[in-house]
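Residue numbers (this note's numbering): 1 to 363.
Here a beta-carbon is modelled for each residue, glycine too, at the ideal position from N, C-alpha and C.
Quick caveat: nothing in here was measured; it's all calculated off a predicted structure.
Here's the structure, in C-alpha cells; my notes come after.
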Ligand code: ZN
C-alpha cells in the first residue's frame, strides 16, 4: 500500500504504518476537546491507542507466524486505522492450514485478554453500582487503562470471528466448508455470506459507527476479489502456458525502425512486442514505450526496448502467469521452450480470454 512508513522488523517481518493511521490521533484530540478533556486525558487515550495497536500487531504476527509453519512467507504487516493487514504471499490451500492461520490471530488476543485478567480486578468493579462504575471508569488510572485494554481485546476477538469473509471468522468458515466441499464452492458460499454481512455493517455504520462503513467496504471488495481469484485459479489448474499463448504474432528485430513498429500497431491489434535475436527473446517493447517514442520514426527498436525481462517456459503452469500478473509487475511475457527458443508470448488479455473460454466449456 502506498503512503506507508516502516517501523522496523519483528521476526523478520517488516511492520509498516499507513499515514491515515495518524487520523486516529486527530480524532482522539477532536473527541476529547469536544467532551471537555484536557492534556492528560488526550495523552491517556493516545497511549491507549498505541498499546491497542501493539496488540493488533501481535494479532497479525499470530497469523504470520502460523503461516510460516506451513512455509508461507509474510512480506509485511501494515497498520491502518481500521486494523492491521498481514500480507501473506499466499493463503494456504489445505483447509486445516487456513483454519489454523485464520484462528491464530484472534487467539493471540484471547491470550492477551486472559493475561490482563490477572491485573484487572473485574470482581471489584462488577460489585459497584452503575453510578459508581461510571465514576470509576472516568478516572485516568492504570487500572482503567488495563480494564479498557481487556475489553478492547475481547471486542477484537468477537469482532474478528464474525464470519464475514475475508475477515478471520470468514476464513475459518471457508476452511471448514472446504473440508466438506471443494474450495471454489466453499469460497463462493463464504463470500456471499461475507457480502450480506457487509451490507448489515454498512447499515449499522450509517446509523451508529462510521468505522463500520469502511469495514463493510473492505469486506465487500475483498470477498468479491478473492472469490474471483479462487474461481480463476481453479479454471487454470492443470493447464499449461502453451495452451493460452499467442503464437500468431509479429516478433521484432533490434534493428527494426520505430516507423515499422508504429505501422504494425496501426495495421493490427497487437500492442506489446517481443524482440528477438536469432531465435532467442532479448527484449520487450511495451505499448507505453512505443507511444512514448512514436514520434521518432528513425530510431531503432533496440534503443527503446526493455532488456530486463522475465520469460516463461511453455510447460509452466498457467496459474503462475495469473500470480505474476496479479503481483502487478508487468502483463506481457515472452514464452520459450526448454532450450530458451522463442515460441510466442502471453499477456493478461489472452489469459482472461482463456479463463472466459474455460468457464463456458465447464457448463
Ligand atoms: Zn486477523
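Taking the straight line between their C-alpha atoms, what separation do you get for residue 262 and residue 303? Here residue 262 refers to the residue found at position 262 of the chain shown. Here residue 303 refers to the residue found at position 303 of the chain shown. Cα-Cα distance, rounded: 15 Å.
Using a threshold of 8 Å, state whether the C-beta atoms of residue 61 and residue 21 are closer than that. Counting from 1 along the chain shown, the entry for residue 61 is found at position 61. Counting from 1 along the chain shown, the entry for residue 21 is found at position 21. With contacts defined as CB atoms closer than 8 Å, residue 61 and residue 21 fail to qualify as a contacting pair.
Classify residue 168: buried if its beta carbon has 16 or more other beta carbons within 10 angstroms, exposed otherwise. The residue labelled residue 168 in the question sits at position 168 within the chain shown. When all chains shown are included, residue 168 counts as buried.
Cβ neighbours of residue 233 in the same chain (closer than 6 Å, five flanking residues each side left out): For this step, residue 233 is matched to residue 233 along the chain shown. Excluding positions up to five away in sequence, the list reads 319.
Check the DSSP bridge columns for residue 49 and list the partner residues they point to. Start at 1 with the first residue of the chain shown, and residue 49 comes out as number 49. Residue 49 is not bridged by DSSP to any residue.
Among 68, 32, 15 and 94, nearest to residue 181 - alpha-carbon criterion: Start at 1 with the first residue of the chain shown, and residue 181 comes out as number 181. Nearest of 68, 32, 15 and 94 to residue 181, Cα basis: 94.
Relative to the C-alpha of residue 164, which candidate in 132, 201 and 39 has its C-alpha closest? Position 164 of the chain shown, counting from 1, holds the residue named residue 164. Of the candidates 132, 201 and 39, the one whose C-alpha sits nearest the C-alpha of residue 164 is 201.
Secondary structure at residue 255, three-state DSSP: helix, strand or coil? For the purposes of this step, residue 255 is identified with residue 255 of the chain shown, where counting begins at 1. In the structure shown, residue 255 sits in coil (DSSP, three-state: anything other than H, G, I, E or B).
Could you check if residue 160 belongs to the surroundings of the ligand ZN, using beta carbon to heavy atom distance under 7 Å? In the chain shown, counting from the first residue as 1, residue 160 sits at position 160. The answer is yes for residue 160.
Would you please state the rounded distance, in angstroms, between the beta carbons of residue 140 and residue 41? I believe it to be under 8 Å. For the purposes of this step, residue 140 is identified with residue 140 of the chain shown, where counting begins at 1. For the purposes of this step, residue 41 is identified with residue 41 of the chain shown, where counting begins at 1. That pair is a contact at about 6 Å.
Is the region 250-268 touching the region 219-231 in the sense that three or more CB pairs, one from each, lie closer than 8 Å? no
Burial state of residue 63 (16 or more Cβ within 10 Å): Indexing the chain shown from 1 puts residue 63 at position 63. By the 10 Å Cβ count, residue 63 comes out buried.
Per the contact definition of three or more C-beta pairs closer than 8 Å, is the region 286-297 in contact with the region 264-273? yes
So which residues put a beta carbon under 5 Å from any heavy atom of the ligand ZN, going in chain order? Residues with their Cβ less than 5 Å from any non-hydrogen atom of the ligand ZN, running along the chain, are 105 and 168.
Quick one: complete alpha helix (DSSP H) runs, 4+ long, within the region 10-61? 22-34
Please check the pair residue 231 and residue 184, which I expect to be a contact at CB under 8 Å, by giving their CB distance rounded to whole angstroms. As a working mapping, residue 231 is identified with position 231 in the chain shown. As a working mapping, residue 184 is identified with position 184 in the chain shown. Going by Cβ atoms, the distance from residue 231 to residue 184 rounds to 6 Å, so yes, they are a contact pair.
Which class does residue 237 belong to by DSSP, given the choice of helix, strand or coil? Here residue 237 is taken as the residue at index 237 of the chain shown, counted from 1. Looking at residue 237 - three-state DSSP - the assignment turns out to be coil, as it is neither helix nor strand.
What first and last residue would you give for the beta strand (DSSP E) that runs through residue 337? In the chain shown, residue 337 corresponds to position 337, counting from 1. Run containing residue 337: none; DSSP gives neither H nor E here.
Quick one: what's got a C-beta closer than 6 Å to residue 360's C-beta in the same chain, skipping five residues either side? Locating residue 360 in the chain shown gives position 360, where the first residue counts as 1. None.
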